[in-house]
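Just so you know, the protein sequences line up as chains Z and B, in that order. In the working numbering, each residue carries its 1-based index in the first sequence increased by 52. In the working numbering, each residue carries its 1-based index in the second sequence increased by 1481.
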Amino acid sequence: MISIKINDKSFEAEENKTILEVAKEHDIYIPTLCFLKDINENGSCRMCLVAVKGSKKLVTACNTTITDGMEIYTENNKINEYRKKTLELLLSNHNKDCESCIRDKKCELQTLTEKYNASDGKYGLYNGNREIDDSSTYLIRDNNKCILCGRCVNVCQDIQHIGVINKNKRGIKTTIGCAFDFDIKDAPCIACGQCTLVCPTGALTERDDTSKVEAAIKDDKKFVIAATAPSVRVALGEEFGMKVGTNVKGKMVTALTELGFDKVFDINFGADLTIVEEVTELIDRINNNGVLPMFTSCSPGWIKYVEQYHPEMIPNLSTCKSPQQMFGAVMKSYYADKMKLNPKDIVVVGIMPCIAKKYEASKDDDIDVVITTRELGRLLKRKNIDFEKLEDSDFDNPMSIGASTIFGSSGGVMEAALRTLVETVTKKKSKNIDFKEVRGLKGIKEATYDVDEIAVKVAVVNGIGNAKIMIDKIKNNEVDYQFVEFMTCPGGCINGGGQPININKIDNIKELRTKALLDDDKNLPIRKAHENPQIIELYKSYFKKPGSKKAHELLHTSYQKLDKYTKKD
Amino acid sequence: MKITVGMGSCGIAAGANKIYSRLEKEIKDRSLNIKLAKVGCIGLCKYEPIVEVYENSNITSYVNVSEDDIPLIIENHLSNNILIEKAIKAKNNNIRNDYFLKNQVRIALSHCGDINPEDINEYVELGGYQALEESIKLKPETIINEIKNSGLRGRGGAGFLTGLKWESAYKVASDIKYVCCNADEGDPGAFMDRAVLEGNPHAIIEAMAIAGYTIGASTGFIYVRSEYPLAVERLKIAIKQAKEKKYIGDNILDSNFSFNVELRLGAGAFVCGEETALIASIEGKRGEPSKKPPFPTTSGIFDKPTLINNVETLANIPQIILNGSDWFNTIGTEKSKGTKVFALGGKINTTGLIEIPIGTPLQKIIEIGGGVLNNKDFKAAQTGGPSGGCIPKELIDIPMDYENLNAIGSMMGSGGLIIMDEDTCMVDIAKFFLAFTVDESCGKCSPCRIGTTRMYEILDRITKGQGEIKDLDELENLATYIKESSLCGLGQSAPNPVLSTLRYFKDEYIEHIENKNCKSNTCNFLTTYIINDEKCIKCGLCYNNCPKNAINKVNDHYEIDQDKCIKCGLCFKNCKFKAINKL
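So this is what it looks like as structure tokens:
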């Protein structure tokens, strides 16, 4: 512990902490803009400049380590004037269409502008004309709103280890882009959307598909189905200022009905179907010398990653479609038959924590539109739905039950699979269905389970940044797992690229959302996919049995090698 | 007999390649026993191409040589009776006795222009690598003390004490350390590092090996800009030759010390001369600076302790080891020891490299340079390039050292020294240098990226007669803000040219704003072109060359339509009879 002073008050603080960290511990405000803990600490925006006694230069609080006896002043006239100037300069280079910007009221630049009373016209109005990359099906980058904080570059490079974007050109002409200014669609972006989560402004956003949903609902001929992913229910509340980690499943269902969806179903039903098919495939691979370890296939960013970066591992990927796609396929076949609907009149809207799901859905006809948690929040606000006051209601039948709510957190797919695998292999009910070893936020988790005297070795890769480590281990025969779960986003879908922006910078947001999902799981009447009566009924009346020919036709897919860079148009 | 041709990039640009080939041919055709050699740049740009004939102990220098002069030069020396006017008419006809060179103290530039940089033997014959041989017999502490005692300061700009830098790199414990030569010379107008790299590359390699031995590094990087292809080529040759002679490589001179030198080419970003950006670039990342501390001596290339020294700094090292720190200490001022090389340019009679003891007054430098061009009045000198500021006429006596230059709002910088005469517009000069930093800003931090651009826009308005008096306050506010809040040295010094011209030439800014007048007629937008009927012979050249058809023929004479005129100045340039006046 060392002693420092902040604004003439003495504090004891741990060595190696930054000025910002110590100030935060003591509720002393220092503005930050480019800073994002563990992701961006490069001090590029200069908003957090503070004065240190005896130092000629102002220092950045975000990345300056405290020293014994340091005396820090977080504010004075000059510093405040400089902060205001920094904002005014940033504003002079920023397209301020705040009213129509989807980050309005959730924009870090806007918040600081108001706080420091910065004038947006001080250095003339922005008249730039930078490229807007709307080439992809999942995200839009508007460099006219970019303040070059560098968060997106760092999250892509240092957290996800993809590194598909960086700064191009220099000085005032600097923009964020892919190599050679290729469009995102021509570059090996895996569509995780983590960049959209960290962007402080509206420069990086999901592609907004809300108008497609509104149009479908308005169209009387269309039968519009909403299907929500597990992680949406534990995050949507944040869009309405509710506490992080609140499970709003019941309100969400009510809200979707109020929006005018004909049916509101739970994608967890699709997840159960995935588990049954995937476990069947795994057992088949184990028994028939198939390619092992088998990799999960529900995270579309991960699939794109394999197809682009490790096509040699395609044989390891489970051929099972993701829960979203399986769900869509069932809607347009089994459900259409059952309801005597023309599949062409059915519009299935996936409500996802994920922007890669937009990319996934664009590849075939199972799902018509994908909107993210954030987009759903916007849709509801547009309809003036007072979310917090809504009554709870249940999902519609017959896809109202799903055991696999834990899919949303890292290790969840594995745990759900293990629950089914153990009982399918042993043909006995197991007492314990909690597989805690695969839970948590560690980058790579490993476990071995004794299933009917067979050692089932599994691993869970949390975040695509750890994928290469695992793939290398497998290639070098350092490990002999049978089954490996891969999730693109750190923490799993609860931290997906389509989730609400962590505007209040809550450090343990991943933990809180995960806990909410695990609590949801604890309270479910049915927690094992193979015991879901609606799944059992589906197989009985339609697919006959898991892994059947029909199941393969509708519920399985194939993969292909994709070029990393495709030629620019 | 030996004939040398100055073949630095500058000499080559002036035509030295053709001269060299012609000499080769003449010597061959005449079957003469004359040794022909390339040498580096002696630092006299004005006189390129330069050919020198070494005969017994005499050197005869020929300047501004053309291909056709070659037979005459050869015959002159064979028959000894034909007088060549091209020879410098100084003592012994040797260029070294010319006022410009005679008044210099050459330490960093020693051997430049004298030896063949592509032949290690010439360097060794003159005592090259002796300093290394001596050093590896010494304790590192002894060398560090010697450098510290010498008072040598970094010549890259900031002037940090070199000995202290070496000491801190030495003291950090690490399995791997690096030595790095910063050869990313980027100041417009500065080319002393290039002269050393092209003219005497072994001095740098020797110094790096000494530094490596001292701090405990076994790898050295030379970060050189790829726009210096000749320097790169000569460094490659020098590294190869030094390796063959065991001055670098494994077990240097049969000692336990091993040191290898590798080249890293920069892609031409000014900011990569900044240490942390240079490190990022060497690591293969985008050349962006990062926060200091940690300083490179603690955590540099690949997070290992790294000693980064500028070319000119390193060029001093072998000399200090050989001649002792006491010798070096006698040169310069109390706080700034040794010499500084300036690249003298602008409105001066003799342009070139000038190495003089630190603390020499500006007045004396101008004198050595032969005075202001065309006998015009001296107005100001710019030091430190785009990071520096100007020295006005009233401070012409100022001894040029680090402290003095900082105090007057300029800086030593890497050594660009641009002389400006009475016809220079200081607002335009500030705009010129700022345009450079705007372009070279890496774009990482907001003050430098956007702030310098906004400053430039204000300056641009002023030079177009659209400025307002309140702009001057805003300029100063922005400048101070950028200086104090930018991340790296580039941003922190970018406003200097504006601040220093505002300090000494504010009246010119006001003149531009209030009277919409540029006294030196530099700012085109404030210039009105008028045809002087008395001098005009009605040739029609102006009429024909005007790109905007702004010149009309009215009743037998020409008139400029001021509404159409875009002030490009083409009429002024084309008129052979000085019949176009600038107002």
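Glycine included, each C-beta is placed from N, C-alpha and C at the ideal position. Computed from a predicted model, the values in this text were never measured in an experiment.
Residue i in three-state terms, based on DSSP
i: residue 1672 of chain B; result: coil
i: residue 400 of chain Z; result: strand
i: residue 68 of chain Z; result: coil
i: residue 406 of chain Z; result: coil
i: residue 2002 of chain B; result: coil
i: residue 506 of chain Z; result: strand
i: residue 1485 of chain B; result: strand
i: residue 86 of chain Z; result: coil
i: residue 367 of chain Z; result: helix
i: residue 1944 of chain B; result: helix
i: residue 310 of chain Z; result: helix
i: residue 152 of chain Z; result: helix
i: residue 1539 of chain B; result: strand
i: residue 2038 of chain B; result: strand
Contacting residues, own chain, Cβ-Cβ under 6 Å from residue i (five flanking each side not counted)
i: residue 1617 of chain B; result: 1694, 1736 and 1738
i: residue 333 of chain Z; result: 370
i: residue 572 of chain Z; result: 299 and 457
i: residue 1787 of chain B; result: 1659, 1661, 1777 and 1781
i: residue 429 of chain Z; result: 291
i: residue 205 of chain Z; result: 217 and 218
i: residue 1838 of chain B; result: 1586, 1812, 1813 and 1820
Cβ-heavy atom distance, residue i to the ligand HEM, below 7 Å
i: residue 233 of chain Z; result: Among the components modelled here there is no ligand, and therefore nothing to report on the ligand HEM.
Distance between beta carbons of residue j and residue i, contact taken as under 8 Å
i: residue 1889 of chain B; j: residue 1872 of chain B; result: 6 Å
i: residue 2013 of chain B; j: residue 1960 of chain B; result: Contact doesn't hold; Cβ gap of about 41 Å is too wide.
i: residue 1979 of chain B; j: residue 223 of chain Z; result: Between residue 223 of chain Z and residue 1979 of chain B the Cβ distance is about 17 Å, and since that is not below 8 Å, they are no contact.
Neighbourhood of residue i by C-beta, 7 Å cutoff - its chain only, sequence neighbours within 5 removed
i: residue 102 of chain Z; result: 71, 82, 110, 111, 113, 124, 125, 126 and 131
i: residue 1990 of chain B; result: 1908, 1943, 1953 and 1983
i: residue 509 of chain Z; result: 500, 532, 533 and 534
i: residue 337 of chain Z; result: 343, 344 and 346
i: residue 2063 of chain B; result: 2002, 2008, 2010 and 2053
i: residue 1689 of chain B; result: 1660, 1662, 1701, 1742 and 1795
i: residue 603 of chain Z; result: 329 and 595
Beta carbon of residue i nearer than 8 Å to that of residue j
i: residue 1811 of chain B; j: residue 1589 of chain B; result: no
i: residue 350 of chain Z; j: residue 202 of chain Z; result: no
i: residue 283 of chain Z; j: residue 548 of chain Z; result: yes
i: residue 1921 of chain B; j: residue 1705 of chain B; result: no
i: residue 1521 of chain B; j: residue 1680 of chain B; result: yes
i: residue 175 of chain Z; j: residue 243 of chain Z; result: no
i: residue 404 of chain Z; j: residue 289 of chain Z; result: no
i: residue 324 of chain Z; j: residue 568 of chain Z; result: no
i: residue 10 of chain Z; j: residue 541 of chain Z; result: The structure shown does not extend to residue 10 of chain Z, since chain Z is modelled only from 53 through 621, so no value can be given for it.
Same chain, Cβ closer than 8 Å to residue i, neighbours up to 5 away in sequence not counted
i: residue 1884 of chain B; result: 1816 and 1817
i: residue 1581 of chain B; result: 1525, 1831, 1833, 1835, 1849, 1850 and 1851
i: residue 558 of chain Z; result: 296 and 564
i: residue 1987 of chain B; result: 1953
i: residue 2005 of chain B; result: 2048, 2049 and 2050
7 Å Cβ cut-off: residues of chain A touching residue i
i: residue 95 of chain Z; result: Judged by its chain identifiers, the structure shown contains no chain A, and its protein chains are Z and B.
The stretch 1922–1940 of chain B: which residues have C-beta closer than 7 Å to a C-beta of chain Z, in chain order? 1922, 1923, 1924, 1925, 1926, 1927, 1928, 1930, 1931, 1932, 1934 and 1935
May I ask you to list, following chain order, the residues of the stretch 1900–1922 of chain B that have a beta carbon less than 8 Å from some beta carbon of chain Z? 1919, 1920, 1921 and 1922
Interface residues of the stretch 214–235 of chain Z facing chain B [CB-CB below 8 Å]: 218, 219, 221, 222, 223, 224, 225 and 226
What residues in the stretch 1746–1765 of chain B bring their beta carbon closer than 9 Å to a beta carbon of chain Z? 1750 and 1752
Taking any Cβ of chain B, which residues in the stretch 403–437 of chain Z have a Cβ under 9 Å from it, in chain order? none
Given a limit of 7 Å on CB to CB distance, which residues of the stretch 131–142 of chain Z reach chain B? 134, 137, 138, 141 and 142
Against chain Z, which members of the stretch 1962–1989 of chain B pass a CB distance test of less than 7 Å? 1962, 1965, 1966 and 1968
Taking Cβ-Cβ distances below 7 Å as the criterion, which residues of the stretch 73–103 of chain Z are in contact with chain B? 94, 95, 96, 97, 98 and 101
Using Cβ-Cβ distances below 7 Å, what residues of the stretch 180–202 of chain Z are close to chain B? 200
If you measure beta-carbon to beta-carbon, which residues of the stretch 357–387 of chain Z are closer than 7 Å to chain B? none
Output, in sequence order along the chain, the residues in the stretch 250–265 of chain Z whose CB is closer than 8 Å to any CB in chain B. none
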